[in-house]
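Numbering (full-length UniProt numbering), first residue to last: 1 to 569. The beta-carbon is built from N, C-alpha and C at its ideal position, and this holds for glycine as well. These numbers were taken from a predicted model, which means no experiment stands behind them. Please read the structure below before turning to the comments.
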Amino acid sequence: MHLKSMYPDLPPIPPGNAHNLCLRRPDQEDWLDYTVHIDSTTGQTRSFREFVQRVDHAATALGGSMEKGSLGLSTEHNDIIGIMSENCMDYITFVYACLAIATPFALISSYSTRLELKHALRLSKATCLFVDEKFLPLVLAVANEIGLPSEMIYVMTGHVRGRKSFSQIIDESRTKDIESVGVKHVAEDTLAYLVFSSGTSGLQKAVMVSHRNIKFSCGQVVTIAQEVAKVYPPPPSQTPDGIPRILAFLPMHHSYGLHMYCFRGFLTPRTMVILPKWNTGLALSLIPKYKITNLHLVPSMVHQLMHHPKTTKTDFSSIMTASSAAAYLSAELSQRLAALIPTEGTFFEGYGLSECTLSAISQPHPGILGGRAKKVLGATGVLLPGMEARVVREDGTEADFDEVGELWVRGANLALGYFNNEEANKKTFVDGWLRTGDRFSVNRDGYFLAFTFPCDFKDTLKVSGAQVSPLEIENVLLSHPQRLIEDVAVAGVSGGRTSDEKVPRAWVVLSSFGKKMGASAAVKELEKWHQDNLSRYKWLRGGIEVVKEVRLCCCCVCSGPVLLNMFSF
């Protein structure tokens, strides 16, 4: 079966740099100079006009000529600018400055360990880095190891003696009155940024997202909003200036946070109340303090909200919309979250992945599309505007309605592919289609239902909304300097924050060195080793078990990847 979106086609999207569509549209000239950013930690604010001007100075500081005191970064020099930072106001400034000078940026996780950072830097081939002060010791050590010059590393937030910060180079550009570099024209398929994803299997890959991808993704939002406005004029925001306020805590190095706060946040006037990272108690105090109107969540955050003692005492009356994405949200948690929102508010779920820029499927607002849109229990939603989909059986034939298969999607939001990884590109991007590796069925009304099967060929896990590659964990365990194991298998087991979430567990076969150390001591050593080398969300929360032999199979009657002959010591 081959389906097309039930939404109307997207409005014409202007060619050129995505920066202009998001930040330099004619309609924005008539906007009031509203507060666009609020730093929840310091209380610092920035107006829309101040932000636009700061972006202009930042672009000049990054991309202007070195002779005039700028950094001289450009695609002509094959530059890729890495950023490793927690959320902050200038993270968004940085994104738009890089877009303006048409020099790609690489979004490096602020949770990166030494091993992960080394992989990300080598994979992205970053030539320049902006990092928070607290990450600098780690970054300098890794940079020295891979040959990245220390002088090409700058401070994003904080102050380090003898090393320039992002704010300092912006201030220098402004005080020296360097001529603005403006916004460079680009072709549609010009690389805008790299974001890291495990894809359907294996180690992390760098997804290449183009300027056209960004614009098309924004156009999808505009098309949906236009349809919703026909049947549901939104009530006024309960904020002092009447402008919606978004609590910005999703990491901006993740596609979800990047698009919600950096790109979609400028389609209409919105204020971002920025948190460096998620903190449940702090978020609950900020919602009533700032009259937050929009919440973008992942299932693990929903779970924490539902179980926090402050939740029942928090005033959620200002919330107009809430959404959950990045992983499956159980019906129970969905209903509990929806119950917190005022009756006139709305709660949405969706599905997407970095390989299609952001989203592919979302729940439509009931009553739109000539009455075709409705709330379907258990459904992830319908195709976003401008998208097509197929549900494909394992033998490559197309599944029928209500039959489960692999979801393939197509549209102008499909990424350019993986950076310097032709093998993965051939497996994932096939004849203009993206093989998602996720299993869905679709009913005759065009509603997609997500399924997680034990035999799922997508060998990645979703933990707290983030991708976790069992292969990556296996490689780390095998790389222990004392060679404690000779074989290992990692798979998902029950034990997550929700009944549907799986957490990684390892079954290991000890080497002669491991046996000499003893099973208990070897497990403790492996626990410490993998926690030192992997981000916290990748830790083996399901435990490590010593077995005599590991053999993996996956068949239709299995309850998961089954390990045969697993006799514990």
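Can you tell me whether HIS259 is buried or exposed? The criterion is at least 16 other CB atoms within 10 Å of its CB, across all chains shown. Of the residues assessed, HIS259 falls on the buried side of the cut-off, its CB having 16 or more other CB atoms within 10 angstroms.
Could you pull out every residue in the same chain whose Cβ sits closer than 8 Å to the Cβ of TYR537, ignoring the five residues on either side in sequence? TYR111, VAL463, SER464, ALA466 and VAL468
Same chain, Cβ closer than 8 Å to residue 585, five either side skipped, listed in chain order: No answer is possible for residue 585: it lies beyond the span of the chain, which begins at 1 and ends at 569.
For THR127, three-class secondary structure by DSSP: Coil at THR127, not helix or strand.
ARG46 in three-state terms, based on DSSP: Looking at ARG46 - three-state DSSP - the assignment turns out to be strand.
May I ask you to report which of helix, strand or coil DSSP gives ASN213? helix
Which complete alpha helix (DSSP H) runs does the segment 289-314 hold, if anything under 4 residues is left out? 299-306
Is it buried or exposed for GLU76, if we count other Cβ within 10 angstroms and need 16 for buried? exposed
Coarse secondary structure for ALA100, derived from DSSP in three states: Collapsing the DSSP output to three states places ALA100 in a helix.
Do you know offhand how far VAL142's Cα is from SER511's? 30 Å
Here's the rule I'm using: 16 or more other beta-carbon atoms within 10 Å means buried, otherwise exposed. How should PHE401 be labelled? exposed
With DSSP collapsed to three states, give me the class of TRP408. strand
Residue burial classification, HIS253 (beta-carbon count within 10 angstroms, cutoff 16): buried
Helix, strand or coil: how does DSSP classify SER165 here? strand
Can you tell me whether DSSP reads ILE83 as helix, strand or coil? strand
Quick one: measure Cβ to Cβ for LYS205 and SER197, integer angstroms, because I've assumed they're closer than 8 Å. 6 Å
Span of the alpha helix (DSSP H) around THR428: 422-428
Any idea what DSSP makes of CYS455, helix, strand or coil? Its pLDDT being 35, under 50, CYS455 is placed unreliably in this model, and the value from its coordinates should be taken loosely. DSSP places CYS455 in coil when its eight states are reduced to three.
Residues near ASN425 by beta carbon distance below 8 Å, same chain, minus five either side: GLY417 and TYR418
Around the C-beta of PHE569, are 16 or more other C-beta atoms found within 10 angstroms, so that it is buried, or is it exposed? Low confidence applies to PHE569: its pLDDT is 30, below 50, so where it sits in the model is not reliable, and the reading given next is rough at best. Exposed, by the Cβ-count rule.
Return the bridge partner residues of PHE448 from the DSSP annotation. GLY381 and VAL442
Cβ shell of ALA58 (< 6 Å), same chain only, five flanking positions each side left out: Counting only Cβ-Cβ distances below 6 Å, and skipping sequence neighbours, we find THR93, ALA97 and ILE170.
Residues sharing a beta bridge with ASP487, DSSP: VAL509
In the DSSP assignment, find the alpha helix (DSSP H) that holds ALA373 and state where it starts and stops. ALA373 -> no alpha helix (DSSP H), and no H or E assigned at all.
Considering only residues of the same chain and omitting the five flanking positions on each side of ASP33, which have a CB-CB separation below 7 Å? SER47, PHE48 and ARG49
Quick one: give me the first and last residue of the alpha helix (DSSP H) that ALA389 is part of. It is not in any alpha helix (DSSP H) - ALA389 instead sits in the beta strand (DSSP E) that spans 388-392.
Contact belief for PHE348 with SER323 at Cβ below 8 Å, rounded distance in angstroms: 5 Å
What are the residues that DSSP puts in a beta bridge with LEU284? Answer is none; LEU284 lacks a bridge partner.
Using the three-state DSSP reduction, which class does GLN28 fall into: helix, strand or coil? helix
Closest by C-alpha distance to LEU449, when choosing among VAL476, GLY64, LEU407 and ASN475: LEU407
Beta-carbon proximity of LEU526 to VAL508, cut-off 9 Å: yes
Neighbourhood of ASN413 by C-beta, 6 Å cutoff - its chain only, sequence neighbours within 5 removed: ASN213, PHE216, SER217, CYS356 and THR357
Should the segment 71-87 be regarded as contacting the segment 154-163, the criterion being three or more beta carbon pairs within less than 8 Å? yes
Output needed for GLY16: all residues of its chain with C-beta closer than 7 Å, excluding positions within five of it in sequence on either side, in chain order. Beyond the five residues adjoining it in sequence on each side, GLY16 comes within less than 7 Å, by CB distance, of HIS185 and VAL186 in the same chain, given in chain order.
By a C-beta neighbour count over all protein chains shown, 10 Å radius and 16 as the cutoff for buried, is ALA521 buried or exposed? exposed
In the DSSP assignment, the alpha helix (DSSP H) including ALA519 goes from what residue to what residue? Unbroken alpha helix (DSSP H) run through ALA519: 519-533.
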